[in-house]
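**Student:**
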Amino acid sequence: MGRRVMVHVTEYADCGELMWATRLADSEGEYECWELLSPKAVHRVSVSDKCMATIAPSGQLVLAMLGMEQQSVTLRSCRALEGITGDEGRQLWEFHLGLALNESHGQMIQALWRFYAMLPPGGLRRFSLGILRDRRFITGFYRGRASHHHHHDHVGGLLEHSVEVAMTARMLCRQYRLDGRTADVAFLGGLLHDVGKLYLCYNVEAGEGICSQHEALNFMKLEPHLQSLMSQDPRAFEALSACLSASIGKPLIQYMPETIVKMADRLSAEVFNWRRVFAGLPDFYWFRKSTSDTRIYKRLD
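The UniProt record's numbering puts the sequence shown at residues 1 to 301.
1) By DSSP, does residue 204 sit in helix, in strand, or in coil?
2) Nearest to residue 101 by alpha carbon, out of 70, 58, 143, 130?
3) Within the same chain, show all residues whose beta-carbon is closer than 7 Å to that of residue 67, passing over the 5 residues directly before and after it, in chain order.
4) Quick one: what does DSSP say residue 284 is sitting in, helix, strand or coil?
5) Taking the alpha helix (DSSP H) that residue 306 falls in, what are its first and last residues?
6) Smallest Cα separation from residue 268: which of 180, 158, 294, 15?
7) Quick one: Cα of residue 121 to Cα of residue 227, how far?
8) Return the bridge partner residues of residue 74 from the DSSP annotation.
9) If you draw a straight line from the C-alpha of residue 95 to the C-alpha of residue 136, how long is it?
10) Exposed or buried, what is residue 271 when buried is set at 16 or more other beta-carbons lying within 10 Å of its beta-carbon?
11) Taking the alpha carbon of residue 42 as the point to measure from, which residue in 145, 175, 21 has its own alpha carbon closest?
12) Could you give the residue range of the beta strand (DSSP E) that holds residue 19?
13) Which one of 182, 299, 280 has the shortest CA to CA distance from residue 286?
14) Give me the DSSP bridge partner(s) of residue 85.
15) Can you tell me which of the three DSSP states residue 43 falls into?
16) Would you call the CB atoms of residue 169 and residue 141 closer than 8 Å?
17) Buried or exposed for residue 146, please, with buried defined as at least 16 other CB atoms from any protein chain shown within 10 angstroms of its CB.
18) Quick one: what's got a C-beta closer than 8 Å to residue 254's C-beta in the same chain, skipping five residues either side?
19) In the DSSP assignment, what residue or residues form a beta bridge with residue 34?
20) Kindly confirm or deny that the segment 78-85 and the segment 46-66 touch, where touching means at least three C-beta pairs closer than 8 Å.
21) Name the two residues that bound the continuous alpha helix (DSSP H) containing residue 316.
22) Which two residues bound the contiguous beta strand (DSSP E) that contains residue 297?
23) Of the residues 87, 138, 246, which one's Cα is nearest the Cα of residue 108?
24) How big is the Cα-Cα spacing for residue 85 and residue 58?
25) DSSP beta-bridge partners for residue 289?
26) Please check the pair residue 193 and residue 156, which I expect to be a contact at CB under 8 Å, by giving their CB distance rounded to whole angstroms.
27) If distances are taken between C-alpha atoms only, which option among 72, 191, 53, 15 comes closest to residue 117?
28) Skipping 5 residues on each side, what residues in its chain have a beta carbon closer than 7 Å to that of residue 19?
29) Work out the CA separation of residue 290 and residue 277 for me, nearest whole Å.
30) Nearest-angstrom Cα distance between residue 25 and residue 70?
31) Rounded to whole angstroms, how far is the Cβ of residue 32 from the Cβ of residue 23, which I believe are closer than 8 Å?
Right under this line is the structure:
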């Protein structure tokens, strides 16, 4: 079996901007007029009907590359996001954008959709779409805390930490020239490795949370989606499950995504804590003891 090109994992940030595409009623002949709506701008482009043949005229989320030609906006390429069409699809897209706490969060949310857009057909794409459609899960995930007085312990910190781990895992896959399927699982493993924390006391109303190891709870939180993945793509399910489970008492790691996610997870937490210790201090403070874990942190510059 030939190895799949991993462009969808490593370079999708350069594949265009997420926009809502709708065909306008005044389209004529071989050319059609389409409206492309992004969070920041609205564009109208005239394109060949063949160019948009796979896009739902009533509206669909697309990954579009725009250009300028004779002072007019032109459409260079357009990739449809499967399953995100019509009023229901637009409402889902706007629901995600509406949960962004700030511009940085909005960019992270769009990064998750770009990842989905570039996934090849198969179990992982269906799994990812199921996650994106789960509004209850998404609401908690975007607003949750990653810890209690440790790292990323603020509202929205779980999203920040999770996306950071996912992106770092993807970058490491590219650095070591790993195959695209490994990189896909590593991204999803990094993104979802802490979702069990949504059950813990610091992410629920007072008195309703629990105190436990979050790794076992990861599977509870993702159970309906993992069930489908297990039946559709058992090997991807096995590799992703390894990323979601605890390492303590575990035999030697078998799947590469697990190794990568564990490394990226630790790095994200370490960098956050290091930055927080030195936040607001003059440059001549080259070491400081943390008030949260009594650890002494040092810096070079």
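For every residue, glycine included, the Cβ atom is placed at its ideal position computed from N, Cα and C. None of these values were measured; they are calculated from a predicted model.
**Tutor:** The answer reads as follows:
1) As a working mapping, residue 204 is identified with position 204 in the sequence shown. Of the three classes helix, strand and coil, the one that applies to residue 204 here is coil, per DSSP.
2) Position 101 of the sequence shown, counted from the first residue, corresponds to residue 101. Among 70, 58, 143, 130, the Cα nearest to that of residue 101 belongs to 143.
3) Reading the sequence shown from its first residue, position 67 is the one you call residue 67. So the list reads 74, 76, once near-sequence residues are dropped.
4) Locating residue 284 in the sequence shown gives position 284, where the first residue counts as 1. In this structure, residue 284 counts as coil in the three-state DSSP scheme.
5) Residue 306 is absent from the model: the chain starts at 1 and stops at 301.
6) The sequence position of residue 268 within the sequence shown is 268, counting from 1. The shortest Cα separation from residue 268 among 180, 158, 294, 15 belongs to 158.
7) Taking the sequence shown and counting its residues from 1, the one referred to as residue 121 is at position 121. Taking the sequence shown and counting its residues from 1, the one referred to as residue 227 is at position 227. If I take the Cα positions, the gap works out to 18 Å.
8) For the purposes of this step, residue 74 is identified with residue 74 of the sequence shown, where counting begins at 1. In DSSP, residue 74 forms a bridge with 67.
9) Taking the first residue of the sequence shown as position 1, residue 95 is located at position 95. Taking the first residue of the sequence shown as position 1, residue 136 is located at position 136. Linking residue 95 to residue 136 through their CA atoms gives a straight-line distance of about 11 Å.
10) For the purposes of this step, residue 271 is taken as the residue at position 271 of the sequence shown. Under this definition residue 271 is an exposed residue.
11) Taking the sequence shown and counting its residues from 1, one reaches residue 42 at position 42. It is 21.
12) For this step, residue 19 is matched to residue 19 along the sequence shown. Counting along the chain, residue 19 sits inside the beta strand (DSSP E) bounded by residues 17-23.
13) Here residue 286 refers to the residue found at position 286 when the sequence shown is read from its first residue. The option with the nearest alpha carbon to residue 286 is 299.
14) One-based indexing of the sequence shown puts residue 85 at position 85. Per DSSP, 60.
15) By one-based count along the sequence shown, residue 43 stands at place 43. Of the three classes helix, strand and coil, the one that applies to residue 43 here is strand, per DSSP.
16) For the purposes of this step, residue 169 is taken as the residue at position 169 of the sequence shown. For the purposes of this step, residue 141 is taken as the residue at position 141 of the sequence shown. Against a cut-off of 8 Å, the Cβ pair of residue 141 and residue 169 comes out as no contact.
17) Mapped onto the sequence shown, residue 146 falls at position 146. The residue in question, residue 146, is buried, as its Cβ has 16 or more Cβ neighbours within 10 Å.
18) The count along the sequence shown starts at 1 and reaches residue 254 at position 254. Leaving aside the five residues that flank residue 254 on each side, the residues in its chain whose CB is nearer than 8 Å to its CB run, in chain order, 242.
19) Position 34 of the sequence shown, counting from 1, holds the residue named residue 34. The partner list for residue 34 (beta bridge, DSSP) reads 23, 45.
20) Yes, the segment 78-85 touches the segment 46-66.
21) Given a span of 1 to 301 for the chain in the structure shown, any question on residue 316 remains unanswerable.
22) Here the question's residue 297 lines up with position 297 in the sequence shown. Run containing residue 297: 296-298, per the beta strand (DSSP E) assignment.
23) Stepping through the sequence shown from its first residue, residue 108 is reached at position 108. For residue 108, the nearest C-alpha among the options comes from 138.
24) The count along the sequence shown starts at 1 and reaches residue 85 at position 85. The count along the sequence shown starts at 1 and reaches residue 58 at position 58. C-alpha separation (whole angstroms): 8 Å.
25) Looking up residue 289 in the sequence shown gives position 289. Note: residue 289 sits in a beta bridge opposite 296.
26) Residue mapping note: residue 193 aligns to position 193 of the sequence shown, counting from 1. Residue mapping note: residue 156 aligns to position 156 of the sequence shown, counting from 1. Not a contact, Cβ separation roughly 17 Å.
27) The residue you call residue 117 lines up with position 117 of the sequence shown. That would be 15, whose Cα lies nearest to the Cα of residue 117.
28) By 1-based counting over the sequence shown, the position of residue 19 is 19. Counting only Cβ-Cβ distances below 7 Å, and skipping sequence neighbours, we find 36, 37, 38, 62, 64.
29) Translated into positions along the sequence shown, residue 277 becomes position 277. Translated into positions along the sequence shown, residue 290 becomes position 290. One C-alpha to the other measures close to 6 Å.
30) Locating residue 25 in the sequence shown gives position 25, counting from the first residue. Locating residue 70 in the sequence shown gives position 70, counting from the first residue. One C-alpha to the other measures close to 25 Å.
31) Numbered from its first residue, the sequence shown carries residue 32 at position 32. Numbered from its first residue, the sequence shown carries residue 23 at position 23. Residue 32 to residue 23, Cβ: 6 Å. Contact.
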